[in-house]
Amino acid sequence: MAAKRYQLMALALGLSCMGSLPAEANEAGDKGAEIYCFMRKTGNSHNVSWKAAYERIKRQSTGLFKTSPKHAAVMVTESVV
31 MAAKRYQLMA LALGLSCMGS LPAEANEAGD KGAEIYCFMR KTGNSHNVSW KAAYERIKRQ
91 STGLFKTSPK HAAVMVTESV V
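If you read the sequence shown in this note's numbering, its first letter stands for residue 31, the second for the next number, and so on.
Take a look at the structure:
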(Lines of atoms letter the chains of each structure in order from A; the text may use other names.)
(Lines give C-alpha, C1' and ligand atoms only; values in the text may rest on other atoms or scores of the structure.)
Protein backbone atom coordinates (compact mmCIF):
# COMPACT_ATOMS: atom_id res chain seq x y z
CA MET A 31 0.00 0.00 0.00
CA ALA A 32 2.76 2.43 0.94
CA ALA A 33 4.69 1.55 -2.21
CA LYS A 34 1.67 2.44 -4.36
CA ARG A 35 1.33 5.76 -2.56
CA TYR A 36 4.99 6.60 -3.28
CA GLN A 37 4.58 5.62 -6.91
CA LEU A 38 1.55 7.89 -7.27
CA MET A 39 3.36 10.75 -5.56
CA ALA A 40 6.36 10.32 -7.86
CA LEU A 41 4.09 10.24 -10.90
CA ALA A 42 2.27 13.39 -9.78
CA LEU A 43 5.55 15.19 -9.14
CA GLY A 44 6.91 14.15 -12.52
CA LEU A 45 3.81 15.29 -14.36
CA SER A 46 3.76 18.63 -12.55
CA CYS A 47 7.38 19.31 -13.49
CA MET A 48 6.89 18.52 -17.17
CA GLY A 49 5.19 21.84 -17.90
CA SER A 50 8.32 23.84 -17.12
CA LEU A 51 10.78 21.79 -19.17
CA PRO A 52 10.00 22.92 -22.73
CA ALA A 53 10.25 26.60 -21.86
CA GLU A 54 13.71 26.16 -20.35
CA ALA A 55 14.95 24.05 -23.23
CA ASN A 56 13.50 26.49 -25.75
CA GLU A 57 15.13 29.43 -23.97
CA ALA A 58 18.53 27.70 -24.00
CA GLY A 59 18.12 26.93 -27.71
CA ASP A 60 17.17 30.52 -28.46
CA LYS A 61 20.25 31.86 -26.67
CA GLY A 62 22.46 29.34 -28.44
CA ALA A 63 20.99 30.31 -31.81
CA GLU A 64 21.55 34.01 -31.10
CA ILE A 65 25.19 33.38 -30.26
CA TYR A 66 25.76 31.13 -33.26
CA CYS A 67 24.14 33.53 -35.75
CA PHE A 68 25.91 36.58 -34.32
CA MET A 69 29.31 34.91 -34.44
CA ARG A 70 28.78 33.68 -38.00
CA LYS A 71 27.71 37.17 -39.11
CA THR A 72 30.88 38.65 -37.64
CA GLY A 73 33.06 36.28 -39.66
CA ASN A 74 33.85 33.46 -37.25
CA SER A 75 34.11 29.90 -38.52
CA HIS A 76 31.44 27.28 -37.97
CA ASN A 77 33.49 25.38 -35.38
CA VAL A 78 34.19 28.41 -33.21
CA SER A 79 30.59 29.60 -33.43
CA TRP A 80 29.19 26.15 -32.67
CA LYS A 81 31.46 25.62 -29.66
CA ALA A 82 30.37 28.96 -28.17
CA ALA A 83 26.69 28.24 -28.78
CA TYR A 84 26.95 24.71 -27.38
CA GLU A 85 28.74 25.90 -24.24
CA ARG A 86 25.96 28.43 -23.65
CA ILE A 87 23.27 25.77 -24.11
CA LYS A 88 25.05 23.42 -21.69
CA ARG A 89 25.32 26.16 -19.06
CA GLN A 90 21.68 27.20 -19.44
CA SER A 91 20.27 23.68 -19.28
CA THR A 92 19.21 22.84 -15.74
CA GLY A 93 18.17 19.25 -16.33
CA LEU A 94 19.50 16.15 -14.69
CA PHE A 95 21.44 15.09 -17.78
CA LYS A 96 23.93 17.00 -19.92
CA THR A 97 22.60 18.23 -23.27
CA SER A 98 24.15 16.20 -26.09
CA PRO A 99 25.66 17.97 -29.10
CA LYS A 100 22.99 16.39 -31.35
CA HIS A 101 20.16 17.64 -29.15
CA ALA A 102 21.75 21.09 -28.96
CA ALA A 103 21.94 21.18 -32.76
CA VAL A 104 18.23 20.36 -32.93
CA MET A 105 17.48 23.12 -30.41
CA VAL A 106 19.43 25.70 -32.44
CA THR A 107 17.81 24.58 -35.70
CA GLU A 108 14.31 24.76 -34.22
CA SER A 109 15.01 28.25 -32.90
CA VAL A 110 16.21 29.53 -36.26
CA VAL A 111 13.50 27.87 -38.36
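Beta carbons: idealized from backbone N, C-alpha and C, even for Gly.
Asked: Span separating the alpha-carbon of Met69 from that of Ala82; Found: 9 Å
Asked: Closest residue to Ala103 among Lys71, Gly93, His76 (Cα-Cα distance); Found: His76
Asked: Arg95, DSSP secondary structure in three states; Found: According to the sequence displayed, residue 95 carries Phe and not Arg. Coil.
Asked: Simplified DSSP assignment, three categories, for Asn77; Found: helix
Asked: Cut-off 7 Å between Cβ atoms - residues of its own chain near Glu108, not counting five sequence neighbours on either side; Found: Gly59
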